[in-house]
Each structure stands twice: as structure tokens, then as C-alpha cells.
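The working numbering numbers the first residue of the sequence shown as -5 and each following residue consecutively.
Every residue gets a Cβ at the ideal spot worked out from N, C-alpha and C, and that includes glycine.
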Amino acid sequence: MTTAESQLRADIVEVGRRMYARGYTASNDGNISVRLGSDRLLMTPKSVCKGFMTPDMMCITDLDGRKLQGDRDPSSEMLMHLEVYRQRPDVQAVVHAHPPTATGFAVAGIPLDRAVLAEVLTTLGSIPIAEYATPSTKELPEAVRKYIKAHDGMLLANHGALTVGTDLFSAYYKMETVEHFAKISLVARLLGGENLISRAEVLRLQELRGSYGIKAPAPICADDDAPASGDAALCQVVQAPEGSGSRLIPDTIERLPAAGDAGAGEIRLTYRQLSELIEDAIRNLR
Ligand SMILES: [Zn+2]
-5 MTTAESQLRA
5 DIVEVGRRMY
15 ARGYTASNDG
25 NISVRLGSDR
35 LLMTPKSVCK
45 GFMTPDMMCI
55 TDLDGRKLQG
65 DRDPSSEMLM
75 HLEVYRQRPD
85 VQAVVHAHPP
95 TATGFAVAGI
105 PLDRAVLAEV
115 LTTLGSIPIA
125 EYATPSTKEL
135 PEAVRKYIKA
145 HDGMLLANHG
155 ALTVGTDLFS
165 AYYKMETVEH
175 FAKISLVARL
185 LGGENLISRA
195 EVLRLQELRG
205 SYGIKAPAPI
215 CADDDAPASG
225 DAALCQVVQA
235 PEGSGSRLIP
245 DTIERLPAAG
255 DAGAGEIRLT
265 YRQLSELIED
275 AIRNLR
């Protein structure tokens, strides 16, 4: 075994341990793979807890998923990993997990596509939701194919999240960013909603990427060239309003009235008043 291979095995073990420790996976959830040279992959095996792996557990497969080495079978989501490597020659590593807050957004059908945090806009851009597919079947790579050319991170509807990178740790850090972003978005929405970063500021942040050495996978879609359903996305949809000079713009989505918020169309009744209204309505029905 080469030094590079033994290092990658150790790195997968380390990433698995961190994902499990941070609650991104429970039980045997999640999977990790990395390119081993130009024609092979090193991958976590099926049915093991990612928090308790050892370097010898990993499988080596070719790019068609044929097992070349390893006592165990490769990950049950191998087809999804293979599809990513096929579509993205630049990608060196793929991480899949079920981080609970991001997965909550995936279950609620809410993409993480709002311009809210500079570090998300410069590293991932927007995080769409790949449509629901039965895990471990070939439906999942088909769902992922729509977004993978233009995105380094995506949610998988009612399932989890997927991130990719030019090395294993960058793919893993993107998983951290997705979950962190989901937590912040949730808190902001509980507090009444996000202020959005204006489109001009988003473009400015994207230009700064170059100076940080961060490569974006795809440009932001113009308002009228968002991908049609079924088409592969070649640009990213980012919710960033045109601001008239201001760089932060209050979100315009309909907000739930906050407690004590008068004049938001809210009617407050005591239990007694409500009972009287219902009784009244029933009397009128007779
Ligand atoms: Zn999964």
C-alpha cells in the first residue's frame, strides 16, 4: 500500500469520526469516498457506523463500481458517488450524511438558496434540493445529476445532504457549512426572518472568491435563466433581491405574526369567547 493510500484511509476514518461526533449521522448512516489515482475509488463499506471505522475496513472499487479490494461490500449509496465522479472530473471526494437541521430543511422542502451569509456565498453559493429518490437505488444518482454540475452541496429530499470537494477535507468542511447554515437560517426564521444580501453585494462577494483562491462551480442564474424542470442546472439560483443602494434587504416572504404583534391580521380570543362564537354558529345552523 502506498503512503498516499494509507493516508487517505486514515483521513476517511477521521472524517467519519467527526461526522458521527457532530451528530451528522446516526447508526450506520452516511458514506464517504475519495479518488485513488485516476481510475479507482476508496470508499466506506456498507453497514458500518462511521464513528467507529478502522482504515482496513475501506473498499477499493473501479469507476464502474466493481469491487477490486476489501473484505466488505462498498457503500449502499455507491451509485450516487459514481455519478458524481462521472459528472465532475474536478471532484476528488464525496461526503454524504444526514445532518439533522439541514435534513429538516430537506424534509420540509425548503432549499438553502437565500443570500444570507458571505462564507456560504463564496464557498457553496446556493444549496438546492434534489428531488426525492429511494435511497440506494439508481433513482438517487438521477436526482443528483440535475444539480451536481453547478453545485458543490445539495440537500436530498426527505433524506440528507451531499457535498463534494477537491479533497476529502474540503468536501467534509462543506458538509459542516451546510449544517451550520441550516442552523443559522432556522434561528433567523424563528426570530422573524432573514435580512437578505443584495444581488450587487452577492456579485461583489463572488468576485472576492478569486482572491481567496476559492473556485465557484457555477455562476448565479440571471432571473430569467433558471433551469427548467428536468434540465441539468448550469447556474445557481440565489435568492438575492435588487437593493436600491442598500446591501441588506428585509426578506419579503410572508412572516408569521410575532407574539404581541398587533395589526398583523391576527385575532385573539379567550377560550370562553371562542366557545361562545362556536355555540352561536351552531345555533344559527339549526
Ligand atoms: Zn443517506
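Residue i Cβ short of 7 Å to ligand 1 heavy atom set
i, result
"G98", "no"
"E71", "yes"
"G154", "yes"
"D161", "no"
"P135", "no"
"D107", "no"
"H90", "yes"
"P282", "The structure shown does not extend to residue 282, since the chain is modelled only from -5 through 280, so no value can be given for it."
"D23", "yes"
CA-to-CA distance, residue j to residue i, given in whole angstroms
i, j, result
"D161", "T264", "59 Å"
"M37", "E201", "35 Å"
"D107", "E133", "23 Å"
"H75", "V88", "7 Å"
"R193", "E(-1)", "43 Å"
"L250", "V181", "Bear in mind that a pLDDT of 49 at L250, under 50, signals an unreliable position, so the number given afterwards is only what the model happens to contain. Each residue's Cα considered, the two are about 14 Å apart."
"R241", "E188", "13 Å"
"L118", "Q267", "51 Å"
"D33", "I142", "20 Å"
"I272", "I178", "41 Å"
"G239", "I191", "11 Å"
"I121", "L156", "10 Å"
"N278", "R183", "41 Å"
"D56", "T131", "19 Å"
"S70", "E236", "44 Å"
"A96", "T48", "28 Å"
"M(-5)", "L62", "14 Å"
"D245", "I104", "15 Å"
DSSP bridge partner residues for residue i (one or two, in chain order)
i, result
"K61", "T55"
"T157", "V89 and G147"
"A124", "L150"
"Q230", "I214"
"P244", "N189"
"S27", "M37 and V88"
"R108", "Q233"
Query raised in the report: Should the stretch 59 to 67 be regarded as contacting the stretch 132 to 149, the criterion being three or more beta carbon pairs within less than 8 Å?
Result: At 8 Å Cβ cutoff, the stretches do not touch.
Query raised in the report: Between the stretch 39 to 48 and the stretch 2 to 14, do three or more beta carbon pairs fall short of 8 Å?
Result: Inter-segment contact for the stretch 39 to 48 and the stretch 2 to 14 is present: three or more beta-carbon pairs are separated by less than 8 Å.
Query raised in the report: Does the count of Cβ pairs from the stretch 110 to 117 and the stretch 162 to 177 closer than 8 Å reach three?
Result: Inter-segment contact for the stretch 110 to 117 and the stretch 162 to 177 is present: three or more beta-carbon pairs are separated by less than 8 Å.
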